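Note sheet for the following structure.
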Amino acid sequence: MEIFGIPLQAMLGQLLLGLVNGSFYAMLSLGLAVIFGLLNIINFSHGAMYMMGAYLAWMMMEYLGLGYWWSLAAAPIVVGAFGVLIERVLIRHVYKLDHLYGLLLTFGLALVIEGVYRDCFGVSGQPYGVPEALRGATNLGFMILPNYRAWVVVASLLVCFLTWFVIERTRIGSYLRAGTENPRLMQAFGVNVPRMVMLTYGFGVALAAMAGVLAAPIIQVSPLMGSNVIIVVFAVVVIGGMGSILGSILTGLALGLIEGLTRVFYPEASATVVFVIMALVLLLRPAGLFGRES
Amino acid sequence: MNTTLCNAVGTALVAIGLAASGAASAQAQSKLSGNAIRIGVLTDLSGLYSDISGQGSVAAAQMAVDDFIAANKPGYKIDVIAADHQNKPDVGSGKAREWYDTQGVDLIVDVVNSGVGLAAAKVAGEKKKLMINTGAGSTRITNEDCNPYSIHWAYDTYALAAVAGRAIVQGGGKSWYFLTADYAFGQSLEQDTTGIIKTNGGTVLGSVRHPLNASDFSSFLLQAQASKAQVIGLANAGGDTINSIKAANEFGLTKSQSLAGLLVFISDVHSLGLNVAQGMQLTDGWYWDLNEDTRKFGRRYFEKMKKMPGMVQAGTYSATLAYLNAVKAAGSDEADAVTAAMRKTRYNDFYLRNGHLRDDNRMVHDMYLMQVKKPAESKYPWDYYHVKATVPGDEAFQPMAASRCPMVKKT
């Protein structure tokens, strides 16, 4: 059986690969959406945090001999703590200003962080292998899927679901949402809103770091890995609707699939297709697919 | 302001030194402008190409100057300055103009990145000052855009294609599939290699064009796998090549098909690790572990940079030293005289094997087809390559008959 001249099996394989990329997009755009939704900050340093997560995994392996699973647990905490520090020292001061200031501040931060890594480690990047337990591949009949890629999909879907659940369905989540709607009232109720916001930023950053660790065995750990992916992720957030949690997850996965298909039919356009969709969505639904019109 | 002051003081000191060392030596050097030679390393100090050239090239040029001074004790001052062209042609050509006009630079080397290299070569032509390009790959430097003052030293895309294409096809890799970066460099590399493959009796089954800096290559590699070609040619560079190799390994392509990297530097192999890179074939213009001379240079460089040099950095050393020797032979730093002296020289040193400077300003020398070692075969750090074939320069580089350079007189 063939679809537009492409054998069904090849098509299924490409869709599955699209899903793997989509889960990275989902996880990164989720962090961005959480930060934008609750802090109103367009966090351009997200890509740099993703890169820091991957580098931390490499450093733990290289200098401490600690493997993948340790990194997966430790990198989000360490990078998240770094995010908390950044929020306290820098980002906090631009909340009251126009979005543009937050964007410029975080963009500058990203350049500084990338510059430091480039200076210390060079641009070619560092090797990082697939963890022992996830080596090898499974024959799915229509394609050979490396086990590690399957794990990436499972892990990121799990994390995305948990985040969505916590923010939309639990008491802490309702505090968070209320805190952004009306911080003064929340503070009057005795909730420490600034601390909550600080931790939220840390959490968003931790998500990026975790995606970085997940990506390390697949993509070369290099200082530029964040800036290569961040623009696409921003497009995902815009398409999904700025600040929409569920929107960013679903859009991330969907765009991964669309990009995957483009790679089969017209590979030259695979870097552009996301932006074409973004332009169309902005024309037809300026608030994004899942965004609420304000 | 500050630098001009320093220069003035420096020149004054040299002048006093010369006066003290006697009139005779001053007489012999009278043809040098400013009685000093200044070499400018115009390179990428912070970006994409900083690992293959960058600070390493600056260090290599300085080593060449030190070696020349130690061996010849010249009565004139030689120094090296460096600048970051940020991979922007306008920045690069602006810097070249400033250096030639106001800084007394006699030679510019490195100039990695073809876009910058071509723009800066135009300035060299205008100012009638020398530029030796050791970093960029475009064959246009010695073809459409050739000029008498721009020399191309280490490698070019034609040689990359010819060496890998011919040697691999002759070694039995008859059917090819290309993974090509979708911009001028990738397309011309694919085109050049295709030509070589076909003339040697191989076939090209197809190609997939991927966007520049595509972070995930798995989908393109599955298409390459489905083609069942024996050889997958990687007509891309830098991070794209590294990520394609990583993904090829993950999806098990390397078990049934072989990879041919058309532009892979030793720093790329180092950063991939032998586990992932093993078995891949690639073209290189130089390798630190070829013989005793290359090892000697490699170790000296390693002392300074804590990395082994690649063909661009070692090429910068080679070009700088060759230039200084030519200045000495010509007794002048006037570009035409220096080039004439270089053209007369037959080069056989640690870098250039059977090297000679052709009329189109292409430095022709032997090139190598390498195969990356298995981890078990690597005995010491940076022991990465088997030399599979040494290709004589005349076979590796574009023949003069095919030259599109107006300087070349067709007979």
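Which chain is which? The protein sequence lines are A and B, in order. Going by the numbering used here, the first sequence opens with residue 88, and the numbers climb by one from there. Going by the numbering used here, the second sequence opens with residue 87, and the numbers climb by one from there. Glycine included, C-beta positions come from ideal geometry on N, C-alpha and C. No experiment lies behind these values; they were computed from the predicted model shown.
Inter-residue spacing [alpha-carbon to alpha-carbon] between residue i and residue j
i        : j        : result
Tyr162/B : Leu410/B : 12 Å
Gly289/A : Gln343/B : 45 Å
Thr406/B : Val144/B : 11 Å
Gly221/B : Asn199/B : 7 Å
Val351/A : Val290/B : 19 Å
Gly272/B : Asp370/B : 17 Å
Tyr470/B : Val355/B : 8 Å
Met217/B : Leu118/B : 17 Å
Tyr135/B : Val398/B : 10 Å
Ala427/B : Leu301/A : 57 Å
Ile138/B : Met273/A : 56 Å
Asn286/B : Ala298/A : 46 Å
Leu184/A : Gly124/A : 16 Å
Leu126/A : Asn229/B : 57 Å
Ser243/A : Gly396/B : 40 Å
Ser195/B : Met365/A : Strictly speaking, residue 195/B in this sequence is Val, with Ser absent from that position. In a straight line, the C-alpha of Val195/B is about 44 Å away from that of Met365/A.
Gly96/B  : Lys284/B : Residue confidence for Gly96/B is low, a pLDDT of 47 falling below 50, so the modelled location carries little weight; the figure read from the coordinates is stated next. For Gly96/B and Lys284/B, the distance between alpha carbons rounds to 58 Å.
Leu128/B : Ala169/B : 5 Å
Ser158/A : Met394/B : 30 Å
Val249/B : Tyr186/B : 36 Å
Gly134/A : Ser224/B : 32 Å
Ala330/B : Tyr437/B : Correcting the residue identity first, residue 330/B is Ser in this sequence and not Ala. Cα-Cα distance, rounded: 30 Å.
His296/B : Ala310/B : 12 Å
Val253/A : Ala265/A : 14 Å
Leu204/B : Ser331/A : 48 Å
Ser418/B : Asp445/B : 21 Å
Ala106/B : His238/B : Annotation note: pLDDT 45 at Ala106/B (below 50); position unreliable, no value reported.
Ser357/A : Tyr235/A : 24 Å
Buried or exposed (CB count within 10 angstroms, at least 16 for buried), residue i
i        : result
Asn130/A : buried
Ala160/A : exposed
Cys207/A : exposed
Ala156/B : exposed
Phe91/A  : exposed
Trp156/A : exposed
Gln148/B : buried
Val217/A : buried
Gly214/A : The residue asked about is misnamed: residue 214/A is Pro in this sequence, not Gly. Counting Cβ neighbours within 10 Å, Pro214/A comes out buried, since at least 16 surround it.
Tyr466/B : exposed
Val241/A : exposed
Val294/B : buried
Ser261/A : exposed
Asp152/B : exposed
Ile259/A : exposed
Asn279/A : exposed
Pro233/A : buried
Asp176/B : exposed
Tyr387/B : buried
7 Å Cβ shell around residue i - same chain, five flanking residues per side excluded
i        : result
Ile93/A  : Val351
Lys474/B : Ala253, Gln367, Leu455, Met456, Gln457
Val165/A : Leu143
Ile328/B : Asp354, Ser357, Leu358
Gly328/A : Gly334, Ala374, Gly375, Leu376, Phe377, Gly378
Gly484/B : The identity of residue 484/B in the sequence shown is Gln, whereas the question assumes Gly. Only Thr225, Tyr244 meet the Cβ criterion.
Beta-carbon contacts of residue i that lie in its chain and below 8 Å, excluding the five residues immediately before and after
i        : result
Pro492/B : Cys232
Lys208/B : Ser179, Asp231, Asn233
Asp480/B : Val450
Val210/A : Ser309, Pro310, Leu311
Ala210/B : Ala182, Tyr186, Ile194, Leu216, Met217, Asn233, Tyr235, Ser236
Contacts around residue i, its chain only, beta-carbon distance under 6 Å, and the 5 residues preceding and following it disregarded
i        : result
Val323/A : Tyr112, Ser116, Thr338, Gly339, Leu342
Met453/B : Ala245, Val249, Gly371, Val477, Ala482
Gly140/A : Ala162, Val166, Ala296, Gly299, Val300
Arg429/B : Leu443
beta-carbon residue i near the ligand MG non-hydrogen atom, thresh 7 Å
i        : result
Ser132/A : For the structure depicted, the ligand MG is absent and the ligand set is empty, with no information on it obtainable.
* Ordered list of alpha helix (DSSP H) runs contained in the stretch 291 to 353 of chain A, each at least 4 residues -> 312 to 327, 332 to 352
* **Under 8 Å (Cβ pairs) to chain C, residues found in the stretch 322 to 337 of chain B** => Annotation note: the requested chain C is absent from the structure, which comprises protein chains A and B.
* At what residue ranges does the stretch 138 to 170 of chain B contain a whole run of the alpha helix (DSSP H), taking only runs of 4 or more? -> 140 to 158
* **Touch test, the stretch 251 to 268 of chain B against the stretch 289 to 308 of chain B, Cβ-Cβ under 8 Å, three pairs minimum** => yes
* Evaluate the contact criterion for the stretch 338 to 353 of chain A versus the stretch 108 to 118 of chain A: three or more CB pairs, one atom per stretch, below 8 Å. => yes
* Residue ranges of each alpha helix (DSSP H) within the stretch 186 to 257 of chain A, 4 or longer -> 186 to 208, 234 to 256
* **beta strand (DSSP E) runs contained entirely in the stretch 342 to 374 of chain B, provided each spans 3 or more residues** => 344 to 347, 367 to 370
* **Minimum length 4: unbroken alpha helix (DSSP H) runs contained in the stretch 224 to 278 of chain B** => 243 to 256
* **alpha helix (DSSP H) segments (min. 4 residues) lying fully within the stretch 115 to 167 of chain A** => 133 to 146
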